[in-house]
Structures are given as structure tokens and as C-alpha cells.
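> Read left to right, the sequence shown gives residues 9 to 172 (the working numbering). Quick reminder that beta carbons are idealized off the backbone N, C-alpha and C, glycines included. Encoded as C-alpha cells, here's the structure I'll be asking about.
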Amino acid sequence: MIMRRKHSHQLSGGPLKSIRIILVTALLLTSTQTIAVAEPPVNNDPNQGIPGKFAEKVQLHGKCFGRTDFPHISKHFPGTVNVIAYTYCPGKGVLVESTLVRTYAGADTLITRSNKGIGKTTINIALKCVWKPGRPPIQYAINSTHKVSDGATGTTEWKKLLEC
């Protein structure tokens, strides 16, 4: 019977594992990404306010409306400013399109997202928070357009100064 001895690097994951760990760590530390994307929470109650009940609602007609929450520091994705917007109209085609703008040091950074569906559609839009202690708050503005397939349209808007 021939017994083979495993090399120590085979037992510990070897040098390739160490290189992978170093590369992933370096990538995370040097990331300059300014846009963050998060999935919205599932909420089937169209009358429930979004985070903290601070949301602007536009009535489209009948039971149909659009709602956009205020820009807020995300509890689910630390380091980002998040907004959720949705359009609700039972049995109809609906669309929501939102643009989130961060104004910092005289420059605007923006991201636009849209989604469509039947009855209700939701988008979640986020930007990285770049505020530093000792600096003035940063303005985040959201503008959402809500449309229903029968032609009803409305907009919701918010502006908020935030320190992350």
C-alpha cells in the first residue's frame, strides 16, 4: 500500500486562496463606485407609508396613486441614501420613473430608474453617501413620474439635506 502525503498548502487552501483573499480585499478597499442599487422591500399594502410615513402621494384617479418616499439613510445598505417610489392602480398597467440627484460641491450626480407592471410597480434607487463630518449637509432630490395605462399621470418630488 502506497501512502501519499498531502502538501501543507493543499490542506490550507494554498497560495491561490491567499491571492484571492488579497485581491477581493483590495477591490473592496479601492472601490470608487458612486451608485448603489438595492432591491425594494416587498409591501403589498398600497396605503402603508414608506419609511417613517414620510412620503408624498399623488392621487391619479379612483384608487390609483403614486407615492415616493423621502431620501433617507439606508438601514439595509449602510453608506447609501435610498428612495422607494411606486405607482398603484388595480388591474391597470402602471409605470414609475424616478431620478435621484445628489448635489455636492456644486456638482450633480444622478441616477434614473424605471419600472412597469400591472396593478403596482416599485423601484428602489440609491446613491452612495459622500458626506464627511465637519462638512455641510448634502442635498438629495428625488423626482418621480407615475403613469397609468389609461393616461393618468402625476409627479412626486422631495428634497432633503442629509448627513450620513
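Along the chain, which unbroken stretches of the beta strand (DSSP E) at least 3 residues long are found entirely within the region 49 to 135?
63 to 69, 72 to 77, 88 to 112
> Counting only the same chain and skipping the five closest in sequence on each side, list residues whose C-beta sits under 7 Å from that of GLY125.
Exclusion of the five residues before and after GLY125 leaves VAL102 as the residues of its chain whose Cβ lies within less than 7 Å of its Cβ.
> Please classify THR76: is it buried, with 16 or more other beta-carbons within 10 angstroms of its beta-carbon, or exposed?
buried
> Alpha carbons only, please: which of CYS172, PRO98, GLU165 is nearest the one belonging to GLU64?
GLU165
> Three or more C-beta pairs under 8 Å: does that hold for the region 112 to 131 against the region 71 to 88?
no
> In the DSSP assignment, what residue or residues form a beta bridge with TRP166?
Paired residues: ILE150.
> Tell me, to the nearest whole angstrom, how far the beta carbon of VAL108 is from that of ILE146; I am working on the premise that it is less than 8 Å.
The residue you asked about is not Val; residue 108 is Leu in the sequence shown. With 8 Å as the limit, LEU108 and ILE146 do not qualify as a contact, their Cβ atoms being about 12 Å apart.
> Can you tell me whether VAL156 is helix, strand or coil according to DSSP?
strand
> Using only alpha-carbon positions, find the residue among ALA160, GLY142, ILE119 that is nearest to ASN151.
ILE119
> Return yes when the Cβ of VAL104 is within less than 9 Å of the Cβ of ALA148, no when it is not.
For clarity, residue 148 is Tyr in the given sequence; the question names Ala instead. No; because the gap between Cβ atoms is not below 9 Å, this pair is not in contact.
> Ignore the nearest five residues each way along the sequence and tell me which others in VAL66's own chain have a CB closer than 7 Å to its CB.
PHE73, GLY74, HIS154, GLY162, THR163, THR164
> Use the C-beta contact count for LYS140: other C-beta atoms within 10 angstroms, 16 or more gives buried, fewer gives exposed.
When all chains shown are included, LYS140 counts as exposed.
> For SER157, which residues of its own chain have a beta-carbon under 6 Å away from its beta-carbon, when the five flanking residues on both sides are left out?
LYS100, GLY101
> Please report the Cβ distance between THR130 and TYR94, rounded to the nearest whole angstrom; I am assuming they are in contact, meaning their Cβ atoms lie under 8 Å.
A Cβ-Cβ distance of about 4 Å is found for the pair THR130 and TYR94, placing them in contact under the 8 Å criterion.
> If you draw a straight line from the alpha carbon of HIS69 to that of ALA115, how long is it in whole angstroms?
Put simply, the backbone Cα of HIS69 is about 38 Å away from that of ALA115.
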